[in-house]
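Numbering (our numbering), first residue to last: 537 to 899.
Okay, here's the thing in structure tokens:
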């Protein structure tokens, strides 16, 4: 079976993503209709899709935009402006405008780069609006949290001011979680987004995904097994371990066969092995002290207090608390409190499969 670029959904055509879509029907329909109605009536319902990494945010956005623009009447009223998923070229508001101009076309991109030399943000804004020719500018920004961090409060304010004064721009963004730029009253975009959370795939969604892959690969034996009560029970057992993240199930589908699914553990181990380069690269980018905290949390079976983790790795509570706070900001860990003790914070890994991966590598 051919492998799809699961870590770069933007490299796959919207038509192929559409064909591979399972679950999320209600959310995709909602975002599709939101784009279409805003193009018709002039409303600008800025939308932020929130879900952990690998949960299908890019997939959902691309399918929704594709569906909306498949309507000719909508397409003629919308100028889609899609910012690169990595957003590596954005360090200021003017940089964001240049990337928008490049998305529209090379000529406007060249003009924008020349205007950037004299910091003429207003000129670039005007060029983008002129290129839209009365159409709504659908600004799609992945990893909006990182882009807003690069813009800073002043740049966020400039974007907000342009969007409000032009009345032409609708923002459709994604982020791995809520962040101060949209959730804190101190920032210009507070309360401006409709927040949509992506639901995980259920067991039946996972079965449908695996069935689609089996039929695409002409694996009749696997398709028959998945259609059986035993096959569905095995999928449910794997779902209990890895959860409902779409990326993980696509990875399972690429190496799935009847023996591995029937035994459960081989399917999970094959998935963890496939994820090794991904997790290694992510972990290696962390400072050594934060790596130790992540590994220690993975060695436990659930949430742990700051003092417990600090004692286990041999650092002070203050040092552990500061590092865990940084890890929470980067979505590595979650923090919670119990109703009976509002002073103690309990930390756990955001990605439950990371614990399985680190335990797998320890073996």
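Note that CB positions come from ideal geometry on N, CA and C, so glycine has one too. These numbers come from a predicted model, not from an experiment.
- Per DSSP, residue 732 is one residue of the beta strand (DSSP E) stretching across 730 to 733.
- Restricting attention to 841, 807, 876 and 850, the CA atom closest to the CA of residue 896 is found in 807.
- Put simply, of 879, 760, 780 and 816 the residue whose alpha carbon is nearest the alpha carbon of residue 740 is 780.
- When DSSP states are grouped into helix, strand and coil, residue 587 belongs to the coil group.
- Across the set 750, 641, 881 and 581, the C-alpha of 581 shows the shortest separation from the C-alpha of residue 674.
- Rounded to the nearest whole angstrom, the C-alpha separation of residue 692 and residue 772 is 44 Å.
- Under the three-state reduction of DSSP output, residue 852 falls in the coil class, being neither helix nor strand.
- Inclusion of residue 815 and residue 845 in the CB contact set at 9 Å is not warranted, their separation being larger than that value.
- Segment contact: the stretch 585 to 601 against the stretch 555 to 568, three or more CB-CB distances shorter than 8 Å; contact assigned.
- Relative to residue 677, the option among 636, 689 and 647 whose CA is nearest is 636.
- For the alpha helix (DSSP H) assignment, the uninterrupted runs of no fewer than 4 residues enclosed by the stretch 793 to 852 are, from N- to C-terminal side, 794 to 799, 801 to 820, 824 to 835 and 842 to 849.
- By the neighbour-count criterion, in which a residue is buried when 16 or more other Cβ atoms sit within 10 angstroms of its Cβ, residue 868 is buried.
- Residue 763 has its alpha-carbon roughly 21 Å from the corresponding atom of residue 736.
- Straight-line spacing of the CA atoms in residue 782 and residue 654 works out to 45 Å.
- Between residue 774 and residue 742, the C-beta spacing is below 9 Å.
- The three-state reading of DSSP puts residue 677 in strand, counting E and B together.
- Shown here, residue 703 sits in coil according to DSSP, grouped into three states, outside any helix or strand.
- Residue 804 is a Cβ neighbour of residue 777, given a cutoff of 9 Å.
- For the pair residue 799 and residue 711, the Cα-to-Cα distance works out to about 36 Å.
- When DSSP states are grouped into helix, strand and coil, residue 651 belongs to the helix group.
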